[in-house]
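Asks: Here's a structure for you.
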Amino acid sequence: MRPYRVLAARAGRVLTVGALAFGPMAFGSTATSGLSPLTAAPAVAAPALAERAVAERASAAVRPRPFPDSVAPLPTPHGPARESVQDWRARADDAASLLVVVNKRRPLAPLTYEPTDLRAVDGVVLRAPAADAFAGLAAAAATAGVPVRARSGYRSYADQEATHAAWERALGAAAADAQSARAGHSEHQTGLAVDVMPVGGACQDFDCFAETPQAAWLADNAARFGFVVRYANGQEAVTGYTPEPWHLRYVGVEPASALAASGAASVEEYLGLPAAPTYADAG
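Shown next as structure tokens:
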């Protein structure tokens, strides 16, 4: 999920939310309040983009789409695959589970959930299993010649609230909801989601990431390390978000591999869960 600092970079201005300053690439990618001695990753500078680009993205984000009420489940699998689906669904409501499913219709419970096993990795903070897995993924990507770095990790309820509010002030409520999760509905709040960027190279922004070799490598290899690319292209009517090939969600190697092998395009489709294109209060 996009941190607000990217939007600030595009707009080329500094915004302030509470005690947090937002400027070109200045929004902190991690939450460290109460997590001392862990420290946040340094801000990454990037050139400001034209206001027109922000306006165009806002216009595209609010364009009406035909949203289905639910996602038709895949044919019932047998053997280990079926057990994987059943186990995942049984744990999907537990905020502390690696298999929790959070989206616009499935808030965390409690809404202000905070993980208890956070630790630093590559300049961000993740839950320990996700941190270990990301370290392995990053090492393998570097060996394959497509190095990646962590751009954003855990965000507390308060940090996500500030992030979404900044998007809403800049783009309006509907466009903000297509770009950023509301607090209590964010995968980043679980400590299991990480946004990545290439190490070096011309692309250092989310808008060009889909065209990088890193994006292709992640699509093919993320499951080997227990990650899924959570917001796939063409799934906006299911996930409620524009495509985010940089957004990786840790679920564990076996569940991620089973999902990849199933051919499902989203977690919701794989588990037969209702689509979540909008929040409950949006209809």
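Read in order, the letters of the sequence shown correspond to residues -21 to -1, 1 to 262 in mature numbering (1 follows the signal peptide of the UniProt record, and there is no 0).
Even for Gly, the Cβ is constructed at its ideal location relative to N, Cα and C.
Keep in mind that this is a model prediction, so the values were computed, not measured.
Quick one: what does DSSP say Asn200 is sitting in, helix, strand or coil?
Replies: In this structure, Asn200 counts as helix in the three-state DSSP scheme.
Asks: At 4 residues or longer, what runs of the alpha helix (DSSP H) sit wholly inside the stretch 169 to 250?
Replies: Entirely contained in the stretch 169 to 250, the alpha helix (DSSP H) runs reaching 4 residues are, in chain order, 185 to 188, 192 to 200, 215 to 218, 232 to 241, 246 to 250.
Asks: In three-state DSSP terms, what is Leu78?
Replies: In the structure shown, Leu78 sits in coil (DSSP, three-state: anything other than H, G, I, E or B).
Asks: Taking 8 Å as the cut-off, does the stretch 223 to 232 touch the stretch 105 to 121 (at least 3 CB pairs, one atom from each stretch)?
Replies: In short, these stretches touch, since the Cβ pair count reaches three.
Asks: Note down the Cα distance separating Gln65 from Ala71, rounded to an integer number of angstroms.
Replies: Straight-line Cα distance between these residues: approximately 10 Å.
Asks: Which residues does DSSP list as the beta-bridge partners of Arg98?
Replies: Bridge partners of Arg98: Leu105.
Asks: On the CB-based measure, 16 or more other CB atoms within 10 Å of its CB, does Ala120 come out buried or exposed?
Replies: It is buried - the Cβ of Ala120 has at least 16 other Cβ atoms within 10 Å.
Asks: Apply the 10 Å Cβ neighbour rule to Pro94 and answer buried if 16 or more other Cβ atoms are within range, or exposed otherwise.
Replies: With 16 or more Cβ atoms within 10 Å of its Cβ, Pro94 is classed as buried.
Asks: Just how far apart, CA to CA, sit Ala216 and Thr122?
Replies: Distance between the alpha carbons of Ala216 and Thr122 is about 36 Å.
Asks: If you compare alpha carbons, which of Gly242, Ser131, Ala162, Tyr249 is closest to Ala145?
Replies: Among Gly242, Ser131, Ala162, Tyr249, the Cα nearest to that of Ala145 belongs to Ala162.
Asks: So for His57, helix, strand or coil by DSSP?
Replies: Note that His57 has pLDDT 37, beneath the 50 cutoff, so the model's placement of it is unreliable and no number is given.
Asks: What residue range does the beta strand (DSSP E) around Ala129 cover?
Replies: Element bounds for Ala129: 127 to 131.
Asks: Run the CB neighbour count on Pro256, radius 10 Å, all protein chains shown included, and call it buried at 16 or more, exposed below.
Replies: Buried, by the Cβ-count rule.
Asks: Alpha carbon to alpha carbon, how far is Val125 from Ala181?
Replies: Roughly 13 Å between the two C-alpha positions.
Asks: CA-CA distance, Ala32 and Leu150?
Replies: Any reading at Ala32 is ruled out, since the residue's pLDDT is 40, under 50, leaving its predicted position unreliable.
Asks: Flag this pair as yes or no: are the beta carbons of His164 and Ser131 separated by less than 9 Å?
Replies: The answer is no: Cβ separation not under 9 Å.
Asks: To which residues of the same chain is Arg228 closer than 7 Å at the C-beta, ignoring the five residues directly before and after it?
Replies: Cβ neighbours of Arg228 beyond the five flanking positions: Glu166, Leu171, Ala172, Phe206, Val207, Arg209.
Asks: Hey, is Arg134's beta-carbon within less than 9 Å of any beta-carbon in chain B?
Replies: No chain B is part of this structure, which consists of one protein chain only.
Asks: Relative to the C-alpha of Ala160, which candidate in Met176, Gln183, Arg134 has its C-alpha closest?
Replies: Nearest option by C-alpha distance: Arg134.
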